[in-house]
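*Asks:* Quick one: the structure is below, questions incoming.
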Amino acid sequence: MLETPLRAADLANAVTSFSTLGAGLTTLALGWLVPPRQPLRWLAVWGALFVTGIPTLGWHGWGTETWRVLDVGTNLLLAFALQVAVLGDFHSRSVRRRVVVGSAIANLAAIAQLASEAISGERSHVISFGAHGGFYAGEAMLIADALLVTGLLVAKRREFPDAARPLLWIMTGLFAVGLGLATAEGDVVTGRVGAWHALWHVVGGFGFVFLWAFVHVRLSRAGSG
-11 MLETPLRAAD LANAVTSFST LGAGLTTLAL GWLVPPRQPL RWLAVWGALF VTGIPTLGWH
49 GWGTETWRVL DVGTNLLLAF ALQVAVLGDF HSRSVRRRVV VGSAIANLAA IAQLASEAIS
109 GERSHVISFG AHGGFYAGEA MLIADALLVT GLLVAKRREF PDAARPLLWI MTGLFAVGLG
169 LATAEGDVVT GRVGAWHALW HVVGGFGFVF LWAFVHVRLS RAGSG
């Protein structure tokens, strides 16, 4: 059995990757098994979440450039699946078409940039926070995707059942917290327990469970999927 010593931050990041895998499996199982069964577009989101966890674990466990590209690329795929699901639930055909086409082009461009960085071996922050870290191109695109999903949901908040609205605000709060945690460099641990990037994995996992609950409450109250 091969054993490779890891730095504290790398170990924290690798272990908490199981939060993403676990959240994906949990939401996929609940979406399929708990009535009303969720529509295929939402089952695709939960499946994409699980798939995302695999290269997240690979990147933080082994740290190769291939795993990095797959990690960011599958996160972009997950964000796009979320956009499609939210658009399908709440928005008109014309809005869906415009957003899907624009988002697909932007995300494909980000993936092309990821591939270019992998080939050249050079990358730099497109948004920098100095010593605290920053965002590379793929990560900046992921943040833009997440902001778009949040905007698409908030724009239709008046259509949500009363019981679902608190879940929306909890998700929004978790997203805001996760955005702050995501800016930190993944190789930093503060005060022995402040593995900020690793904590982002945990916060994100909880956020997706709350998202499943939001979808479940909305579908249950609407009586349709």
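Those letters in the sequence shown? Residues -11 to 213, by this note's numbering. Yeah, the Cβ is synthetic: ideal placement off N, Cα and C, and Gly gets one too.
Leaving aside the five residues before and after Ala36 along the sequence, list all residues of the same chain whose C-beta is less than 7 Å from its C-beta, in chain order.
*Replies:* Answer for Ala36: Leu65, Leu66 and Ala69, listed in chain order.
*Asks:* Mark Leu162 as exposed unless 16 or more other C-beta atoms lie within 10 angstroms of its C-beta, in which case mark it buried.
*Replies:* The residue is buried, with at least 16 neighbouring Cβ atoms inside 10 Å.
*Asks:* Pick helix, strand or coil for Phe198, following the three-state DSSP scheme.
*Replies:* Helix.
*Asks:* Measure how close the beta-carbons of Ser7 and Val137 come, nearest whole angstrom, since I'm counting them as under 8 Å.
*Replies:* Incorrect: roughly 20 Å between the Cβ atoms, too far for contact.
*Asks:* Tell me the rounded alpha-carbon separation between Val33 and Arg84.
*Replies:* Between Val33 and Arg84, the C-alpha separation is close to 17 Å.
*Asks:* Less than 6 Å between C-beta atoms, sequence neighbours within five positions excluded: which residues of the same chain meet that for Val175?
*Replies:* The sequence given here places Asp at residue 175; Val does not occur at that position. Around Asp175: Ala(-3).
*Asks:* Quick check on this structure: which residue in Thr171, Ala170 and Leu135 has the alpha carbon closest to the alpha carbon of Thr160?
*Replies:* Selected option, being the one with the closest Cα: Leu135.
*Asks:* By how many angstroms is the C-alpha of Ser108 removed from the C-alpha of Arg145?
*Replies:* Distance between the alpha carbons of Arg145 and Ser108: 44 Å.
*Asks:* Going by DSSP in three states, Thr54 sits in which element: helix, strand or coil?
*Replies:* In this structure, Thr54 counts as helix in the three-state DSSP scheme.
*Asks:* According to DSSP, is Thr171 helix, strand or coil?
*Replies:* Thr171 falls in the coil class under three-state DSSP.
*Asks:* Just the Cα atoms here: how many angstroms apart are Leu(-6) and Gly139?
*Replies:* If I take the Cα positions, the gap works out to 39 Å.
*Asks:* Is Phe6 close to the ligand MG? I mean its beta-carbon at under 8 Å from any heavy atom of the ligand.
*Replies:* The ligand MG is not part of this structure, which contains no ligands at all.
*Asks:* Compute the Euclidean distance between the alpha carbons of Ser112 and Thr52, then round it to the nearest angstrom.
*Replies:* Those two C-alpha atoms are separated by around 17 Å.
*Asks:* Does DSSP classify Phe163 as helix, strand or coil?
*Replies:* Three-state DSSP puts Phe163 in a helix.
*Asks:* Check this for me: beta carbons of Ala128 and Ile115, under 9 Å apart or not?
*Replies:* Against a cut-off of 9 Å, the Cβ pair of Ile115 and Ala128 comes out as a contact.
*Asks:* Tell me whether Phe202 is buried or exposed, calling it buried when 16 or more other Cβ atoms sit within 10 Å of its Cβ.
*Replies:* Phe202 comes out buried.
*Asks:* Note down, in chain order, each residue of its chain lying with its Cβ closer than 6 Å to the Cβ of Asp133, except the 5 sequence neighbours on either side.
*Replies:* Excluding residues within five positions, the ones whose Cβ falls inside 6 Å are Ala67.
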